[in-house]
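For the record, the sequence lines run as chains G and B. Counting in our numbering, the first sequence runs from 72 upward without gaps. Counting in our numbering, the second sequence runs from 982 upward without gaps. By construction, the Cβ of each residue, glycine as well, lies at the ideal position given by its N, Cα and C atoms.
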Amino acid sequence: MTMVAVRNLGRNKLRTLLTMCGVMVAIVTFVLLRTVLSAWTAAADFAAKDRVGTRHKVSFIMPLPKRYVQEVRDIPGVKSTAIANWFGGKDPKHETEFFATLAVEPKDFLDVYDEISVPEDQRESWFQNRTGAIVGDALAKKLGWKIGDRVTLIGTIFPGDWEFQISGIYTATRRSVDRSSFYFHYEYFNESPQATQAGMHDMVGWIVSRIDDPGRSADISKAIDVKFDERDVQTLSMSERAMNTSFIGMISAVLKAVDVVSLVILAIMVLILGNTVAMGVRERTHEYGVLRAIGFLPKHLVVFVLSEAVVVSTLGGVLGLLVSYPFVEKGVGLFLEENMGAFFPFFRIDPMTAVAALILAAALGLVAAALPAYTASQLKVVDALRRAG
Amino acid sequence: MSGETSTTGELAAKGSANGTIVEAIKVRKTYLRGKEELAVLQDLDLTVHEGAFEALMGPSGSGKSTLLNLIAGLDRPSSGQIRVAGVDVGSLPERSRAKWRAANIGFIFQTYNMMPVLTALENVELPLLLANLSSKERRERAKTALEVVGLSERMQHYPRELSGGQEQRVAIARAIVTDPRLIVADEPTGDLDRKSADDVLKLLERLNTEFNKTIIMVTHDPAAAERAKKVHHLDKGALL
């Protein structure tokens, strides 16, 4: 009987195709949104285990005194420290391109972030050049920057034109760093009149410490915070993983919304599919009357209607998955990994998402066809035969 | 067509003890139109013997299709009794009636009612999906039925590739594939040209004479009715 249901798919090929395409689009969207969620969560998993971040206790956006850096460095278990200041620069030639611009102390920074790989000569050149900067290979490729290029950024937080020279292009040996960032000398920033005017002279955005034992990150974090507990500016320290997780926590409402949207799309698809199935059932009322006349039972009609809907939705789901892999992994995924690597270090479809999508596609058909199937099963033979065939 | 698939042999034997296969006793059928009760059949009595080929004629609304539906177990009488092969069809619950129809009744409709996505052979095989047969057995029986109606060359054709007359012959093959003792035909030539109608009627005659099928046919066509051995005229729900 399922064979008959499958053959029925060829009855109105255009409708079947469009329905399958509808399911396909819903599944691609579902897979994409689910992958956003899983990739975002996965970012925390890629965090270095031997790094502890320290920020202002109140908020990320409030700075810490630079003098804290040495005090953090003196805490037992801390091997090295680095500072970073969010600069908020923008390339006027590529106004719409977003990339992170951070003021750092080059040697300390590369020591703490040892997964950032810069060729030795470029590294030395950066150390020597006060206006030098290193950029990620993905960003350099996107904006067409080469070593030695002079670039001017506009400060969105610290106004004015800021001149830089590209000293090096870095790559990442692990997925814990973004390949689209722009790092320049803290000294260049700190001595600028804009930093003084903004009250940021000798202030840093946050401190990152490399510790000797990843298992002690909680204790060391606590030790750092205790040290500054009685000061005017208190700190909040946590492992890099916890920091990433807390960042995810900050955007949990967005993630929840993404989660809900992915389900709403499927719910809409249920309604559309249900309408299509109901239309088919209405058109075949007379035919169902004939089937009932020759001895088929109401349950057989239920099987016909349900199997047809489930086959269409499952095929749509398979099609959706086939499209999802190149679309999500080769298209959107590559783009996000290159351009927003810090948030989406590994944008790949989780096998569980693929399985869930396929099961949901089949369930979609089942739920959508439930009411039309029930309607078909309740048809009175004589009434159904009376309807125009 | 040997009768191997009939599952009601015992009942049939009982029904045919006196040669009667269909017996309508004081059958009344009413419908509600709004609050008004409309009597379509009024205390109708009818007896059809085994091996008969009988036609029901009458103007539209005379109740002939309603009577045919009651005999075929598609509907229940409001009062009275319809006995087919000894079985009080109206008293059977819905599920049992469906099974009874599958085993005992062959249906021929005016508009053929083939499933467009199935070939002629698959359409004929359809009622056998309800029987406990292997797919090979089903296929063999469907082929035999198509041979009987002279369409063995068209087995793999889809309904859209067949003429109206050929489609109706496939419908007849579908009606006889379960080897029912009673065939009910509702305007079987209504949609056909004269030549095709004649072919279909010849086929029905052959099923009646060669295979001893009892046939009850509703028709408006006097030429079709002439081919029946007996003609009943209905008017306003009563036999004349």
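Classify residue i as helix, strand or coil using the three-state DSSP reduction.
i, result
"leucine 456 (chain G)", "helix"
"tryptophan 157 (chain G)", "strand"
"isoleucine 1099 (chain B)", "The displayed chain sequence assigns leucine, not isoleucine, to residue 1099 (chain B). Here leucine 1099 (chain B) sits in coil by DSSP."
"alanine 440 (chain G)", "helix"
"aspartate 300 (chain G)", "coil"
"leucine 224 (chain G)", "strand"
"methionine 309 (chain G)", "strand"
"glutamine 193 (chain G)", "helix"
"methionine 350 (chain G)", "helix"
"leucine 1073 (chain B)", "coil"
"leucine 992 (chain B)", "The predicted position of leucine 992 (chain B) is uncertain, since its pLDDT is 41 and thus under 50; a value taken from the coordinates is nonetheless stated next. Leucine 992 (chain B): helix per DSSP, three-state reduction."
"lysine 1124 (chain B)", "helix"
"methionine 982 (chain B)", "With a pLDDT of only 47 at methionine 982 (chain B), under the threshold of 50, the placement of this residue in the model should not be trusted, and no figure is reported."
"leucine 1163 (chain B)", "strand"
"glycine 1067 (chain B)", "coil"
"serine 1116 (chain B)", "helix"
"tryptophan 216 (chain G)", "coil"
"serine 1059 (chain B)", "coil"
"serine 384 (chain G)", "helix"
"proline 134 (chain G)", "coil"
"serine 280 (chain G)", "strand"
"glutamate 1134 (chain B)", "helix"
"glutamate 234 (chain G)", "strand"
Any idea if residue i is buried or exposed, counting beta-carbon neighbours within 10 angstroms, 16 or more meaning buried?
i, result
"aspartate 179 (chain G)", "buried"
"alanine 97 (chain G)", "buried"
"glycine 81 (chain G)", "exposed"
"isoleucine 339 (chain G)", "exposed"
"phenylalanine 169 (chain G)", "exposed"
"histidine 165 (chain G)", "exposed"
"proline 1058 (chain B)", "buried"
"valine 1130 (chain B)", "buried"
"tyrosine 1012 (chain B)", "exposed"
"glutamine 1137 (chain B)", "exposed"
"aspartate 1069 (chain B)", "exposed"
"valine 1029 (chain B)", "buried"
"aspartate 14 (chain G)", "As shown, chain G starts at 72 and ends at 460. That puts residue 14 (chain G) outside it, with no answer to give."
Verify the CB distance criterion: does residue i have a CB-CB separation below 8 angstroms to chain G?
i, result
"arginine 1141 (chain B)", "no"
"leucine 1111 (chain B)", "yes"
"aspartate 1026 (chain B)", "no"
"lysine 1183 (chain B)", "no"
"glycine 1218 (chain B)", "no"
"lysine 1016 (chain B)", "no"
"aspartate 1172 (chain B)", "no"
"histidine 1201 (chain B)", "no"
"proline 1108 (chain B)", "yes"
"aspartate 1160 (chain B)", "no"
"asparagine 1193 (chain B)", "no"
"leucine 1055 (chain B)", "yes"
"leucine 1099 (chain B)", "yes"
"lysine 1080 (chain B)", "yes"
"arginine 1175 (chain B)", "no"
With a threshold of 8 angstroms between beta-carbons, can residue i be considered close to chain B, or not?
i, result
"valine 383 (chain G)", "no"
"valine 452 (chain G)", "yes"
"phenylalanine 375 (chain G)", "no"
"isoleucine 82 (chain G)", "The question names isoleucine, yet the displayed sequence has arginine at residue 82 (chain G). By this cut-off, arginine 82 (chain G) is an interface position."
"methionine 350 (chain G)", "no"
"alanine 364 (chain G)", "yes"
"phenylalanine 368 (chain G)", "The sequence shown places leucine at residue 368 (chain G), not phenylalanine. Yes, because at least one Cβ of chain B sits closer than 8 angstroms to the Cβ of leucine 368 (chain G)."
"arginine 78 (chain G)", "yes"
Determine the closest residue to residue i out of the options, with distance taken between C-alpha atoms.
i, options, result
"aspartate 1167 (chain B)", "B:Leu1102, B:Asn1050 and B:Thr1190", "B:Asn1050"
"isoleucine 1196 (chain B)", "B:Glu1128, B:Leu1132 and B:Asn1085", "B:Asn1085"
"threonine 1159 (chain B)", "B:Ser1060, B:Arg1120 and B:Arg1208", "B:Arg1120"
"methionine 1095 (chain B)", "G:Val75, G:Thr306, G:Ile343 and G:Leu368", "G:Val75"
"methionine 1198 (chain B)", "B:Lys1080, B:Ile1052 and B:Val1105", "B:Ile1052"
"proline 163 (chain G)", "G:Arg122, G:Leu224, G:Asp121 and G:Asp300", "G:Leu224"
"alanine 1204 (chain B)", "B:Arg1187, B:Lys1194, B:Pro1169 and B:Leu1188", "B:Pro1169"
"threonine 1200 (chain B)", "B:Gly1054, B:Leu1048 and B:Arg1162", "B:Leu1048"
Is it true that the region 429 to 445 of chain G meets the region 365 to 379 of chain G, where meeting means three or more beta-carbon pairs spaced less than 8 angstroms apart?
yes
Taking 8 angstroms as the threshold, find out whether the region 1138 to 1150 of chain B comes into contact with the region 1175 to 1184 of chain B through three or more Cβ pairs.
yes
Would the region 225 to 232 of chain G count as touching the region 259 to 268 of chain G if we require 3 or more Cβ pairs under 8 angstroms?
yes
Does the region 131 to 147 of chain G come close enough to the region 447 to 459 of chain G to have 3 or more Cβ pairs within less than 8 angstroms?
These segments do not touch.
Cβ pair count under 8 angstroms reaching 3, the region 274 to 289 of chain G against the region 239 to 248 of chain G:
no
Below 8 angstroms, how does it come out for the region 333 to 353 of chain G and the region 97 to 106 of chain G: are there three or more Cβ pairs, yes or no?
As far as the Cβ criterion goes, the region 333 to 353 of chain G touches the region 97 to 106 of chain G, which means the pair count is three or higher.
Contact the region 1200 to 1220 of chain B vs the region 1030 to 1046 of chain B: 3+ CB pairs below 8 angstroms
yes
Tell me, please, whether the region 175 to 195 of chain G touches the region 301 to 309 of chain G by the rule of three or more beta-carbon pairs shorter than 8 angstroms.
no
With a threshold of 8 angstroms, are at least 3 pairs of Cβ atoms found where one atom belongs to the region 426 to 433 of chain G and the other to the region 120 to 139 of chain G?
Note that the region 426 to 433 of chain G does not touch the region 120 to 139 of chain G; fewer than 3 beta-carbon pairs, one per stretch, sit closer than 8 angstroms.
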